[in-house]
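Each residue of the first sequence is one higher than the last, beginning at 96 in the working numbering. Working notes for the structure below.
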Amino acid sequence: MPELPEVEVVRRGVGQWAMSRWINEVEVLHPRAIRRQEAELSSILLGRRFSCASRRGKYLWLPIEDSDHCLVVHLGMSGQLLMQPVEQADEPHLRVRFGFADGGPQLRFVDQRTFGFVMSDVLVAADHDGRIPASIQHIARDPLDPAFDDELFLGRLRSKDAEVKRLLLDQGLISGIGNIYADESLWRSRIRATRAGSSISAVKGRQLLADIRAVMTEALAQGGTSFDALYVNVNGESGYFSRSLNAYGREAEPCSRCGSPIRRSRFMNRSSFYCPRCQRT
DNA sequence: CATAGATCCTGTATGC
DNA sequence: TGCATACAGGATCTAT
């Protein structure tokens, strides 16, 4: 599932291959993928160029040159942004095609489970620098953002009685974390997912934040190696299986720290993996 | 407001 | 072999 590191790899790929090229085609193959705004999408994009690729948490956006608009992209669970040659056959779950006047590789949005989307949006002033899409103003900065406010996050985390894992998954509190990196970060910090945010000490909270950054930075470093010129290689799944996971997906396998079998439990309609010995509370 | 749970979706894996 | 069910989970919505 694409989380912050995977989305960042996509951002770099799109930023390298889809910028400053005149857009002359927007073809929508599935209305759900664009939240039913086909007319807006075409009108803001045709005859224009993307100027750069930005990201906050799991959200990507591509500002449009000489415009207040942008293309917002969320990969959901199974979304992919691919750069594909024009002659390449359509993918089975191709949802939107963006073609360029230079006849070079197309930008394609492919999504099996249709939780992802691409949509047009207006850019508005952000709290500090630059502008962000209006629809993601409620998304908190992510832990790799230089402007992320550690103390603000820790204060909010420690003021809530909700379970710490749910708080990590709350994109309004800290963005970019999904089920996999939540489990991995909690494993590193030896914190049980069900613990209340208010029970986390300031010291432990800082350690958790450091572990979140460490696991994401390591994943990003590994994701970057599989990058290919014509294929923005982030389908979220293929990359991360090659990574060194300590908890996620390792039910019944020995904890790499203490040897106890990793356990799995249901939580928030999804699986949680943890070491019952290392993560006592 | 805070919190907990349901819901969207479809390909793959598993059970009988 | 065939059919039914479980599972994956990001974000949003609903109910309490």
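For each residue, glycine too, the CB sits at the ideal point set by N, CA and C.
Contact between Glu-133 and Gly-273 is absent: CB atoms are separated by about 29 angstroms, not below the 8 angstroms threshold. The region 277 to 284 makes contact with the region 303 to 322, as at least three CB pairs between them are under 8 angstroms. Per the Cβ contact rule, the region 207 to 220 is in contact with the region 155 to 167 (3 or more Cβ pairs under 8 angstroms). If you compare the alpha carbons of Leu-202, Leu-189 and Val-259 with that of Arg-208, the shortest gap goes to Leu-189. A residue is called buried when at least 16 other Cβ atoms come within 10 angstroms of its Cβ; Ser-149 meets this threshold and is buried.
The three-state secondary structure of Gln-317, taken from DSSP, is helix.
C-alpha of Asn-364 to C-alpha of Leu-264: approximately 13 angstroms in a straight line. Pairing Ser-366 with Cys-147, the inter-Cα distance amounts to about 36 angstroms.
Gln-266 sits buried, since 16 or more C-beta atoms from the chains shown fall within 10 Å of its C-beta. By a beta-carbon distance limit of 8 angstroms, Ile-118 contacts Leu-141. Their separation comes to about 6 angstroms. In this structure, the CA atom of Ala-184 is about 34 angstroms from the CA atom of Ile-227. Annotation for Phe-243: Arg-236 place their beta carbon closer than 6 angstroms to its own, counting only its chain and skipping 5 residues before and after. With 16 or more other CB atoms across the displayed protein chains lying within 10 angstroms of its CB, Ala-113 is buried.
Note on the region 214 to 261: whole beta strand (DSSP E) runs with a minimum of 3 residues are 226 to 228, in chain order.
Rounded to whole angstroms, the separation of the alpha carbons of Leu-136 and Leu-124 is 13 angstroms.
In the DSSP assignment, no residue is bridged to Gln-302. For Glu-279, the three-state secondary structure derived from DSSP is helix. Gly-354 has its alpha-carbon roughly 43 angstroms from the corresponding atom of Gln-232. Counting along the chain, Trp-117 sits inside no beta strand (DSSP E), nor does DSSP assign it H or E at all. Between Gly-318 and Glu-101, the gap from beta carbon to beta carbon is short of 8 angstroms.
In the displayed model, Gln-175 falls within a strand according to three-state DSSP.
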